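Each remark here refers to the structure printed beneath this line.
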Amino acid sequence: MGQRVGLEVSLACSEAVKLANVDVIAAYPITPQTHIVEHLSELVADGHLDAEFVPVESEHTAMSACVGSSAAGARTFTSSAAQGLALMHEILFIASSLRLPIVMAVANRSLSGPISIWNDHSDIMAERDINWIQYFAENGQEVLDLTIAAFKIAEDKRVTLPVAVNLDGFVLTHVIEPIDMPDQKEVDAYLPPFAPQQKLDIANPISMGLVGVPEIYTEAKKACQVALEESYGVIKEHWDGFAKQFGRQYNPIETYKADDAEILLVTMGSLGETCMSAVDQMRADGLKVGQVRIRLWRPFPADDFLAAVKGAKSLVVMDRALQPGSASGPVATELKSLLFDRGKQMYVSNFVAGLGGRDVTRADFAGMVKKTMEAQSAGQQMACEMWGVKE
Amino acid sequence: MADSGMQSWKSLALGCAMTEPGTSKRFNTGDWRSRRRPVTDREACIKCGRCYILCPDMCYAPDPKAEGFYNWDSFYCKGCGICIVECPKDAISWQEEKEEDKYGPACGS
Ligand code: SF4
Ligand code: SF4
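Chains as they are written, first to last, in this note's numbering: chain A, 3 to 393; chain B, 33 to 141.
Put into structure tokens, the structure is as follows:
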């Protein structure tokens with residue numbers, strides 16, 4: 003049996019990586035991810051974790067080193083945020099196209115400029131199409147659990163893809179929370195040692211990362227994309243397995259008071275918990291409001307989402323990143339496209355909120371719901387709105 | 033683009049890895065050559081070996097039947113013209129080539 007401890011969420015992430023018994027960590031510190039790699043470097047230096055810690059000179063090198071170590075058959079972890087994640091950009095595609103099961107924690111932070119160290123999702127949204135599995139944690143326990151599960155999913159022979167675990171910068175990374183810390187035996191029972199499907203091996207040589215001429219590039223991309231789509235079932239399987247082992251269940255789409263709701267707020271990441279509290283308040287005020295939380299962002303769980311919103315009349319969709327020049331934020335674009343494809347008519351409002359670390363309160367959620375209800379009953383379409391922007 | 037060299041996405045190795053060695057031997061860069069090929073005039077050739085050394089695709093190999101001369105390889109010659117520029121005696125020149133003759137026997141062999 004594990005024990006309940008009070009721990010900063012960043013350290014809970016590092017402890018999950020230690021429990022996963024990684025072989026290689028290559029990372030460059032960047033706010034608000036710093037504590038994750040700092041603690042890992044301490045664990046390695048103090049002999050608590052038998053791994054190589056590669057203190058690289060940039061994030062581009064961090065991801066490159068991860069590609070090399072994963073290709074050599076080592077269980078590999080890294081972490082980054084914002085500009086650091088952006089500096090990894092080109093290598094992120096290579097990690098997935100080479101089918102390397104690297105796990106990365108992204109401590110979500112706004113991209114400059116202006117320079118901001120605070121939280122939003124602009125960093126990961128700029129990496130939306132990297133063909134990685136991408137999911138979001140809402141609190142510290144989830145960060146620990148989903149980091150352990152990430153290795154299990156990534157390394158499954160039916161998947162063999164990298165996984166990005168997203169945790170909101172500061173809102174999660176720098177907060178001390180009670181965490182149920184599993185013991186090593188339990189984690190070992192869930193997560194066996196990494197047995198790579200193929201690796202760089204002198205005894206059995208292969209070449210990775212070759213040129214894909216026009217005759218082969220399309221097929222290579224197809225194979226990689228299908229692997230991501232088909233990872234959906236394996237993700238569910240391993241989250242269910244996690245529940246059996248540890249008693250905590252995760253699902254691609256989760257809901258809160260959604261069953262009889264007419265209006266559903268859609269959130270992703272740590273906004274979800276504030277939103278739950280706002281839903282409670284609005285329910286007490288007699289509004290039939292509920293919440294849908296997107297946990298799995300890529301591959302997008304289309305059927306689960308549609309099942310979750312089946313009974314509702316309208317959606318109030320939160321985005322924590324802009325999609326300049328487009329009619330909606332990235333999450334709302336995804337959802338509107340899905341609703342259209344499946345011939346489902348719903349009233350959808352879209353608010354870009356919480357940019358650059360600006361707080362989103364219960365009153366904000368209530369305000370968004372009110373505005374949506376008024377526009378809907380007046381028969382007005384709503385444009386995507388940057389919530390709270392000072393005119 | 034011809035269908036040759038294409039294969040189903042389902043048949044690719046994981047991550048498009050190459051699981052056998054030496055496959056670039058089968059890479060027909062001669063397919064890139066367009067309408068002309070280099071031809072060596074052995075009367076003018078002084079056997080200096082510059083074409084042999086400087087061809088980026090290693091298309092010239094020592095002629096086992098005529099010492100000092102070099103045979104040209106139509107399968108790999110992509111028609112860049114470097115050998116023509118580098119030959120100190122202008123012994124190599126372009127000759128028109130029809131598509132159907134492209135993969136004929138290597139020159140001089
Ligand atoms: S044309 Fe270029 S590729 Fe062909 S033989 Fe000359 S140097 Fe080599
Ligand atoms: S470079 Fe010209 S002279 Fe020298 S070996 Fe080749 S063909 Fe002969």
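Think of the CB as a built atom: it goes at the ideal place given N, C-alpha and C, for glycine as much as any other residue. Source: prediction; values computed, not measured.
**OP:** Might you give, ordered along the chain, the residues of its own chain that have their beta carbon closer than 8 Å to the beta carbon of A/GLU59, omitting 5 neighbours on each side?
**Re:** TYR30
Original post:
Skipping 5 residues on each side, what residues in its chain have a beta carbon closer than 6 Å to that of B/SER141?
Top reply: Its pLDDT being 36, under 50, B/SER141 is placed unreliably by the model, and the measurement read from it follows with that caveat. Only ASN103 meet the Cβ criterion.
Original post:
Any C-beta of chain A sitting closer than 8 Å to the C-beta of B/PRO88?
Top reply: no
**OP:** Return yes when at least one heavy atom of ligand 1 lies under 7 Å from the C-beta of A/CYS68, else no.
**Re:** no
Subject >> Residue(s) in a DSSP beta bridge with B/TRP126 >> reply: B/PRO70
Subject >> Chain-ordered neighbours of A/GLY70 on chain B, where CB pairs are closer than 8 Å >> reply: Residues of chain B passing the Cβ test: none, with the nearest at roughly 14 Å.
Original post:
Nearest-angstrom Cα distance between A/HIS310 and A/LEU341?
Top reply: Reading the sequence as shown, one finds Ala at residue 310 of chain A and not His. Taking the straight line joining both Cα atoms gives about 13 Å.
Original post:
If we call anything under 8 Å between Cβ atoms a contact, is A/LEU225 one with A/GLY214?
Top reply: The residue you asked about is not Leu; residue 225 of chain A is Ala in the sequence shown. Not a contact, by the Cβ cut-off of 8 Å.
Original post:
Can you tell which of A/GLY243, A/SER209 and A/CYS277 has its C-alpha closest to the C-alpha of B/GLY54?
Top reply: A/SER209
Subject >> Neighbourhood of B/GLY47 by C-beta, 7 Å cutoff - its chain only, sequence neighbours within 5 removed >> reply: none
**OP:** Would you identify the three-state DSSP class for B/MET33, choosing helix, strand or coil?
**Re:** With a pLDDT of only 44 at B/MET33, under the threshold of 50, the placement of this residue in the model should not be trusted; the figure read from the coordinates follows. If DSSP states are grouped into helix, strand and coil, B/MET33 belongs with coil.
Original post:
Within 8 Å (strictly less), CB to CB, does A/ILE208 reach chain C?
Top reply: Judged by its chain identifiers, the structure shown contains no chain C, and its protein chains are A and B.
**OP:** Give a yes or no on whether the minimum CB-CB distance between B/ASP63 and chain A is below 8 Å.
**Re:** no
Subject >> Alpha-carbon spacing of A/ARG77 relative to A/ALA64, whole angstroms >> reply: 14 Å
Original post:
Taking the continuous beta strand (DSSP E) assigned at A/SER82, which residues delimit it?
Top reply: 78-82
Original post:
If you measure from the CB of A/PRO116, is any heavy atom of ligand 1 nearer than 7 Å?
Top reply: no
Original post:
chain A partners of B/CYS112, CB-CB under 8 Å?
Top reply: What B/CYS112 touches in chain A: nothing, since even the nearest Cβ is about 18 Å away.
Subject >> Selected residue, minimal CA-CA separation from A/LYS346, among A/LYS312, A/PHE367 and A/ALA365 >> reply: A/LYS312
**OP:** Look up B/PHE107 in the DSSP assignment and say whether it is helix, strand or coil.
**Re:** coil
Subject >> Terminal residues of the alpha helix (DSSP H) in which A/ILE237 lies >> reply: 219-248
Original post:
Any chance the CB of B/CYS119 is under 7 Å from a heavy atom of ligand 2?
Top reply: yes
**OP:** Name the two residues that bound the continuous beta strand (DSSP E) containing B/LYS114.
**Re:** It should be pointed out that residue 114 of chain B corresponds to Ile in this sequence rather than to Lys. Where B/ILE114 is concerned, there is no enclosing beta strand (DSSP E), although the alpha helix (DSSP H) it sits in stretches over 114-118.
Original post:
Between the segment 111-123 of chain B and the segment 74-81 of chain B, do three or more beta carbon pairs fall short of 8 Å?
Top reply: yes
Original post:
Counting only beta-carbon atoms, is B/GLY54 nearer than 8 Å to chain A?
Top reply: no
Original post:
Which value, in whole angstroms, describes the spacing of the CA atoms of B/PRO137 and B/ASP105?
Top reply: With a pLDDT of 49 at B/PRO137, under the threshold of 50, the modelled position of that residue is not reliable, and the figure given next carries that caveat. Distance between the alpha carbons of B/PRO137 and B/ASP105: 8 Å.
Original post:
Using 8 Å as the limit for Cβ to Cβ distance, is A/LYS373 near chain B?
Top reply: no
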